[in-house]
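Working notes for the structure below.
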Amino acid sequence: MMIACKSKVEIGSTKSLLKKEFDMKELGEAKKILGMKIVRDQSRKILRVLQSGYVSKILNNFIIDNEKSVKMPLGGHFKMSLKDCPVRDCDVERMSKVPYANAVGSLMYLIVCTRPDIAYAVSVVSRYLANTCKNHWETMKWILKYLWGTANVGLVYGTNHGNHVNVTGFVDSDYAKDPHKGRSITGYVFLVHGCVVSWKATLQHVVALSTTETEYMALTEAVKEVIWLRRLLKELGVELNTVAVNCDN
């Protein structure tokens with residue numbers, strides 16, 4: 001169990017109450033939770049949350065060792081398509097032995113916890129779980145090579161600047177990016193005092209008729225997240241006046 005609070009007095013009293021009811025062991029400051037490593041920098045008053053150990057485990061599982069790292073999570077030269085999917089039974093059987101689905105599943109936990117930078121790339125490769133081809137697997141290995149060079153990348157959280165809580169969102173869409181059904185992509189990220197707290201990259205559920213419609217659909221998803229964040233912060237005793245959601249035309 002991890003207890004988080006601004007006041008050390010309240011933390012102490014909470015511990016005392018729990019110890020009266022349960023047998024507990026004091027472990028000191030939290031250093032890890034749910035596979036995420038917590039690194040504190042007291043001099044700069046920041047806290048980093050990363051999953052370098054989990055990334056190393058993923059790379060070892062899929063034999064990505066001493067590979068040349070890449071700078072982007074998804075190379076522009078990769079053209080993912082259902083047309084590449086194997087048709088012959090022998091090819092389907094051969095690709096079924098490739099741990100493609102396992103690799104995608106392993107990366108999902110990274111996205112949820114600490115790595116918004118690979119959210120779009122993994123959303124692309126996850127569309128081809130049912131019938132994987134060599135090109136799809138090469139794209140997956142590219143993402144793993146990116147992780148090889150960015151294993152220590154994570155989220156950074158700083159101190160609150162004043163009493164007012166500032167929440168800012170950024171949202172965008174990519175029109176008709178899906179080559180099969182013409183669906184567009186929604187992507188957004190929300191920050192509290194410049195620190196990332198929520199993000200998403202996903203295909204839209206229906207086909208938009210124009211770029212304008214695509215943008216409105218993306219904005220709708222972002223505003224839904226604003227409503228959720230507002231309710232969450234209210235439960236924590238924080239009242240928000242307005243939330244700025246930034247988008248292009």
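Under full-length UniProt numbering, the final residue of the sequence shown carries the number 249; numbering is consecutive throughout. Backbone N, C-alpha and C define an ideal beta-carbon position, used for all residues, glycine too. Only a predicted model underlies this, so the values are computations on that prediction, with no experimental measurement involved.
Limits of the unbroken beta strand (DSSP E) element including residue i
i       : result
Cys-195 : 195-203
Met-36  : 36-41
Thr-186 : 185-192
Sequence-distant residues of its chain with Cβ nearer than 7 Å to residue i (five each side left out)
i           : result
Thr-114     : Met-36, Val-49, Leu-50, Gln-51, Gly-154, Leu-155
residue 251 : Coverage of the chain is limited to positions 1 through 249, which leaves residue 251 absent and any answer about it impossible.
Cys-5       : Ile-11
Of the listed residues the options, nearest to residue i (C-alpha basis)
i           : options                           : result
Cys-247     : Asp-117, Thr-139, Asp-172, Glu-29 : Asp-172
Ile-33      : Gly-237, Pro-179, Met-2           : Met-2
Leu-147     : Met-80, Ser-126, Thr-214, Lys-68  : Lys-68
Tyr-128     : Lys-25, Ile-63, Met-80, Val-189   : Met-80
residue 265 : Asp-91, Glu-93, Lys-145, Ile-46   : This structure cannot settle anything about residue 265, because the visible part of the chain is limited to 1 through 249.
Residue i in three-state terms, based on DSSP
i       : result
Ile-118 : helix
Asp-174 : strand
Gly-105 : helix
Val-9   : helix
Ala-244 : strand
Ile-46  : strand
Lys-79  : coil
Leu-219 : helix
Lys-32  : strand
Thr-214 : helix
Val-125 : helix
Thr-168 : strand
Terminal residues of the alpha helix (DSSP H) in which residue i lies
i       : result
Gly-237 : Premise fails: Gly-237 is in no alpha helix (DSSP H) and is neither H nor E.
Leu-59  : 52-61
Tyr-146 : 134-149
Closer than 7 Å: residue i CB and nearest the ligand ATP heavy atom
i       : result
Cys-133 : By its list of ligands, the structure shown contains no ligand whatsoever, and the ligand ATP lies outside what it can speak to.
Sufficient close CB pairs (3 or more, under 8 Å) joining the region 71-79 to the region 128-145: Touching, yes.
Validate contact between the region 192-203 and the region 216-232 using beta carbons, cut 8 Å, 3 pairs: Enough Cβ pairs lie closer than 8 Å, so yes.
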